[in-house]
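Enquirer:
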Amino acid sequence: MLRQLEYFVALAREQHFARAAEECNISQPALSESIRKLETGLGVPLVRRGHAFQGLTPEGETVLRWAQRLLADRDALTQEVAALQSGLTGTLRLGVVPAASSTVAQLCDAFARANPKARVHVQGNLRSTEIIAQIRSFELDAGLVYADPAELGGLLALPLYREEHVLLTKEGMFASAGEPTAVDEVLSLPLCLLDSSMRGRQLLDEVLASHGRSAEPRIECDSMITLLAQVATGRWASVVPKQWLAPLGELPGVVQTPLVSPRITSQISLVIPEHQPLPLLLRALLSATGDVYPSVTNDFDLA
Numbered sequence: 000m001l002r003q004l005e006y007f008v009a010l011a012r013e014q015h016f017a018r019a020a021e022e023c024n025i026s027q028p029a030l031s032e033s034i035r036k037l038e039t040g041l042g043v044p045l046v047r048r049g050h051a052f053q054g055l056t057p058e059g060e061t062v063l064r065w066a067q068r069l070l071a072d073r074d075a076l077t078q079e080v081a082a083l084q085s086g087l088t089g090t091l092r093l094g095v096v097p098a099a100s101s102t103v104a105q106l107c108d109a110f111a112r113a114n115p116k117a118r119v120h121v122q123g124n125l126r127s128t129e130i131i132a133q134i135r136s137f138e139l140d141a142g143l144v145y146a147d148p149a150e151l152g153g154l155l156a157l158p159l160y161r162e163e164h165v166l167l168t169k170e171g172m173f174a175s176a177g178e179p180t181a182v183d184e185v186l187s188l189p190l191c192l193l194d195s196s197m198r199g200r201q202l203l204d205e206v207l208a209s210h211g212r213s214a215e216p217r218i219e220c221d222s223m224i225t226l227l228a229q230v231a232t233g234r235w236a237s238v239v240p241k242q243w244l245a246p247l248g249e250l251p252g253v254v255q256t257p258l259v260s261p262r263i264t265s266q267i268s269l270v271i272p273e274h275q276p277l278p279l280l281l282r283a284l285l286s287a288t289g290d291v292y293p294s295v296t297n298d299f300d301l302a
């Protein structure tokens, strides 16, 4: 049945019989027949069929969640048994919001040094909602996100650090550069910011709105590196987390200015699945997290 569940999960992901069959390296008729056998065995229809794939039935949605969990547990079991023979292997899949795309380097480094046979794959330009959805569907193992408790049903969040946003400008652009400055002065500058669909930007807008202010950037993007490149032209200013800047080292000619009235802060958390026991890869990640953030209390059982 596990093979049938693999095919079913692939179909749900691809939403197309031919693409799912190609992903599974089988013919389309073989994939269709396998899913029909799964439906017969379970006694319920899983797929709404017409001339093409039309989605899953309510029963199919329920089976999909269990199938994803079963396949993830199978992979975790395989990794744990293999680790007994030769050490931890496999690939840790991390999703990271843009604001944590540089700070994640510390976690990756600590994990890789402690587990020399394991790999890490980072997706660094995802939105928090995308990361959370992919953790739930077992497409990602963990994520660094802005953790909204309302979105975290079935997941665990470990607070890592609190961002503090700063004004970023080229030398000579802003008269008060380097000295604490009020946000009103910042809003008068030509701004480039993350686009309004991204949680980091939404948090900024929420703080400004609570003080009767709003930002009107002329340039918006979904990449922190793009923001930095715009600032480097000397014609644009941006507001970014200073924690994102720290791993980049010295940035010649670029000035960070603390923001006051109001200060703009936000919480970055490590999010993982809630179910126990945790896979060995995640236990290793939590161990590395404790090394990087020793002041963070780790309530998870790593045994």
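0 is the number of the first residue of the sequence shown in numbering that gives the first Met the number 0; add one for each residue after it. Quick reminder that beta carbons are idealized off the backbone N, C-alpha and C, glycines included.
1. For R161, is the classification buried or exposed, using 16 other Cβ atoms within 10 angstroms of its Cβ as the cut-off for buried?
2. With a floor of 3 residues, list each beta strand (DSSP E) that falls wholly inside the region 99-126, ordered by position along the chain.
3. Buried or exposed, going by whether 16 or more other CB atoms sit within 10 Å of the CB of T232?
4. Alpha carbon to alpha carbon, how far is K36 from Q3? Give it in angstroms, no decimals.
5. Please identify the residue among P189, Q275 and I271 whose C-alpha is closest to the C-alpha of R92.
6. Helix or strand or just coil, what does DSSP make of S31?
7. Would A146 be called buried (16 or more neighbouring beta carbons within 10 Å of its own) or exposed?
8. If you draw a straight line from the alpha carbon of L151 to that of G171, how long is it in whole angstroms?
9. Should K169 and G252 be called a contact, given that it needs their Cβ atoms to be closer than 7 Å?
10. With DSSP run on the structure shown, which of helix, strand or coil describes T56?
11. How is S265 classed by DSSP in three states: helix, strand or coil?
12. Under three-state DSSP, which class holds L192?
13. From Q78 to K241, what distance separates their C-alpha atoms?
Expert: The relevant details are as follows:
1. By the Cβ neighbour-count rule, R161 is exposed, with fewer than 16 other Cβ atoms within 10 Å of its own.
2. The beta strand (DSSP E) runs lying completely inside the region 99-126 and spanning 3 residues or more are 118-122, given in chain order.
3. Exposed.
4. Roughly 8 Å separates the two Cα atoms.
5. Checked all of P189, Q275 and I271; the closest Cα to R92 is I271.
6. S31 falls in the helix class under three-state DSSP.
7. Burial check for A146: the Cβ neighbour count within 10 Å reaches 16 or more, so the residue is buried.
8. For L151 and G171, the gap between their C-alpha atoms comes out near 44 Å.
9. Closer than 7 Å, so yes.
10. Shown here, T56 sits in coil according to DSSP, grouped into three states, outside any helix or strand.
11. If DSSP states are grouped into helix, strand and coil, S265 belongs with the strands.
12. It is a strand residue.
13. Rounded to whole angstroms, Q78 to K241 spans 37 Å at the Cα level.
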